[in-house]
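Undergrad: Shown below is the structure under consideration.
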Amino acid sequence: MRHFLTIRDFKRNELLEIIELAIEIKKELHSTPIKYLEGKTLGMIFAKSSTRTRVSFEVGMYQLGGHALFLSSRDLQLGRGERMSDTARVISRMVDMIMIRTFSHSGIEEFAKYSKVPVINGLTDKYHPVQILADYMTMIEHGKGAKSNIAYVGDGNNIASSWLLFASKIGMDIRIATPKGYEVDADVVKYARECARISGSRILISNLPQEAVIFSDVVITDTWVSMGDEEEKEKRIADFEGFKVDSQLMAIAKKDALFMHCLPAYRGLEVTNGVLEGKQSVVFDEAENRLHAQKGVMVWLNNARKRHNLG
Ligand code: CP
Ligand code: NVA
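So the working numbering is basically just the index in the sequence shown, starting at one, shifted up by 12.
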């Protein structure tokens with residue numbers, strides 16, 4: 013049994029297989045959708061807010077013939093101090109898969125250790141792997157593949173870390189610019205550099221947005237104030253000065269570069285309204301692809317395509 017907790021746990025060909033599967037399933041939606049997960053149940057535990065993750069997992073499960081339960085950790089006994097390990101052992105006896113959005117990554121690892129069924133990371137403070145699958149799927153749809161140069165500008169957070177891992181596994185070049193003190197975790201950079209030696213990916217870690225963005229094919233940013241960082245909001249806004257993605261910064265990327273953002277976006281902070289709403293922005297395709305990418309993950313984890321004699 014496999015979990016989907018971080019890109020780290022997956023080989024290049026497995027990641028590409030999941031994305032190919034997601035693309036196939038997206039096509040099927042417009043012809044003959046197959047109920048790969050008929051009768052299966054997904055428990056969705058949320059310790060943080062969500063729009064895209066919640067709706068895409070719930071609708072995705074329904075479209076695959078299954079059922080999803082929304083479980084807010086505030087309402088679960090988890091919110092009153094029941095252990096992750098006990099919650100995992102109880103819920104995993106009743107459902108077929110579990111998605112969790114929580115704070116610490118060690119919390120989801122603890123949950124997975126005790127779960128009898130596959131656990132999917134719907135975001136932790138450290139990683140947001142399902143988002144990156146949807147992002148790459150969106151790039152492919154817009155004519156960008158593994159030869160792309162990725163630029164990430166902003167906070168060295170869960171999105172930056174997951175993108176760094178993904179690019180270094182796939183063999184894409186990636187340049188990340190963060191303000192000093194907001195770099196991607198050193199253990200993630202170290203592991204990504206090891207992967208890059210095998211895949212041929214070139215990694216640049218910088219504190220200069222222009223150095224990351226120049227001649228890039230895709231420009232990515234994310235909020236400066238992630239869930240859990242709210243108390244540092246004012247300080248962060250000051251520290252991130254010069255890291256806003258605006259038309260001047262986009263102008264030094266390639267002419268046909270895409271702009272991507274996992275959303276929610278805070279216009280006027282990490283990105284201008286003009287860039288977010290502009291011709292290069294594919295943020296709503298990215299959001300829609302969460303649905304298809306996660307269907308790919310759920311079908312893959314259940315080996316459901318093979319069971320339908322299609323894989
Ligand atoms: N991008 C993303 O995960 O959005 P939500 O927080 O709305 O789920
Ligand atoms: N980095 C953001 C992503 C939200 C989808 C956060 O963790 O809040």
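Beta carbons: idealized from backbone N, C-alpha and C, even for Gly.
1) Would GLY78 and THR53 qualify as a contact pair, given that the criterion is a beta-carbon distance under 8 Å?
2) For GLN89, is the classification buried or exposed, using 16 other Cβ atoms within 10 angstroms of its Cβ as the cut-off for buried?
3) Looking at GLY55: is its Cβ nearer than 8 Å to the Cβ of LEU76?
4) At a cut of 8 Å, does the region 177-193 reach the region 60-76 through at least three beta carbon pairs?
5) Looking at the structure shown, is ASP258 part of a helix, part of a strand, or coil, going by DSSP?
6) Could you compute how far the alpha carbon of ALA158 sits from the alpha carbon of ILE152?
7) Pull up the DSSP beta-bridge partners for PHE22, would you.
8) Can you tell me which of GLY240, MET239, GLN222, ASP241 puts its alpha carbon nearest to the alpha carbon of ILE232?
9) Give me, in chain order, the residues of the same chain whose beta-carbon lies closer than 7 Å to that of TYR126; leave out the 5 immediate sequence neighbours on both sides.
10) Can you check which of these residues, LYS256, VAL129, PRO141, is closest to ILE31 by C-alpha distance?
11) On the three-pair Cβ rule with 8 Å, is the region 195-202 touching the region 160-179?
12) Got a sec: does the ligand CP put a non-hydrogen atom nearer than 7 Å to the Cβ of SER62?
13) List in chain order: all unbroken alpha helix (DSSP H) runs of 4+ residues lying wholly within the region 166-227.
14) Do you know how far the Cα of ASP234 is from the Cα of LEU288?
15) In angstroms, rounded to a whole number, what distance separates the CA positions of ILE217 and GLY134?
16) What are the start and end residues of the beta strand (DSSP E) that includes PHE331?
17) Measure the C-alpha to C-alpha separation of ILE215 and ARG205 and round it to an integer number of angstroms.
18) Out of curiosity, what's the CA-to-CA distance linking VAL107 and VAL129?
19) Three or more beta-carbon pairs under 8 Å between the region 307-317 and the region 267-286, yes or no?
20) Do ILE132 and PHE324 have their beta-carbon atoms positioned less than 8 Å apart in this structure?
21) My output table needs one value for SER293: the three-state DSSP class, helix, strand or coil.
TA: Per the coordinate set shown:
1) yes
2) exposed
3) No, these two residues do not count as a Cβ contact at 8 Å.
4) no
5) coil
6) Within the model, the alpha-carbon separation for ALA158 versus ILE152 is close to 9 Å.
7) Note: PHE22 sits in no beta bridge, so no partner.
8) GLN222
9) SER97, ALA100, ARG101
10) PRO141
11) yes
12) True, at least one ligand heavy atom lies under 7 Å from that Cβ.
13) 170-182, 198-211, 221-225
14) 12 Å
15) Taking the straight line joining both Cα atoms gives about 26 Å.
16) Summary: the structure shown does not reach residue 331, with the chain confined to residues 13 through 323, and so no result is reported for it.
17) 7 Å
18) Roughly 8 Å separates the two Cα atoms.
19) Segments in contact, no.
20) Any property of residue 324 remains undetermined from this structure, which presents the chain solely from 13 to 323.
21) strand
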